[in-house]
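In the UniProt record's numbering, the protein residues as written are 1 to 234.
Don't be surprised by glycine CBs; every beta carbon is placed ideally from N, CA and C.
The structure presented is a predicted model; accordingly, all values stated were derived computationally and were not measured.
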Ligand code: 5RP
């Protein structure tokens, strides 16, 4: 199933259905982005109805929204475990027969470093997406969060790996975007990625890379909102 562009209704269906997986007493990782925002809203409504949860936001944006809708917050170092993380994605491999099934590109919101820590820590990581995110092969540029001093040397290494890096600019000012961690983002085009796991290992090995946006073998379930429902991929 491949379509162009993401529908808000599909994102809302995916987010709201994922929120139903949250149970009383859970510690919940709160991802970043417009699809996850629907889940955060829905969790907020459940909290207003008496659900006892604690959320761990993955960005300033998700923290602000969680506070707005009344979700009590905590931090990774204050809990023993994270029961569930709900997070969006920029691309999701949907190829049930391939070993790359479920691999993701994340970081469209420049939050992938914190997202990866929280999503990897969770007992269960649920991805929420609309059909436009599904693909046979990952092919979007991979966001790399990099230490500011290292952005040119990391860009050189990415070129040696066959990638084409672009420093992500802020749309609202003359300069690069700065992450919640005070770092920069290089969006690195590699074309169609045959082996995301191998590329992930190479990118992690570059000094100055804080985190990359390839999430391989991490997702437990994907909720795909459609025109009239939600498809659940285990
Ligand atoms: C932020 C992310 C987002 O989850 C990803 O960009 C998807 O966002 P959206 O749900 O708005 O399409 O990785 O870093």
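- At a cut-off of 7 angstroms, the beta-carbon of residue 115 counts as near ligand 1: some heavy atom of the ligand is closer than that.
- Annotation for residue 227: 7, 9 and 10 place their beta carbon closer than 8 angstroms to its own, counting only its chain and skipping 5 residues before and after.
- Judged by their CB atoms, residue 67 and residue 54 are not nearer to each other than the 8 angstroms cut-off.
- Of the candidates 159, 168 and 183, the residue whose Cα lies closest to the Cα of residue 199 is 159.
- Listed as beta-bridge partners of residue 29 by DSSP are 56 and 85.
- In the DSSP annotation of this structure, the continuous segment of the alpha helix (DSSP H) that includes residue 40 starts and ends at 34-48.
- For residue 198, the secondary structure class from DSSP, reduced to helix, strand or coil, is helix.
- Bounds of the alpha helix (DSSP H) holding residue 152 are 151-160.
- Cβ-Cβ distances below 7 angstroms link residue 69 to 40, 41 and 44 in the same chain, with the five nearest sequence neighbours on each side left out; the list follows chain order.
- With respect to residue 85, residue 60 sits apart: the two C-beta atoms are not nearer than 8 angstroms.
- The segment 131-142 and the segment 179-193 touch, with no fewer than 3 CB-CB distances between them shorter than 8 angstroms.
- Taking C-beta atoms under 8 angstroms as the contact rule, residue 219 and residue 102 qualify, at a distance of about 5 angstroms.
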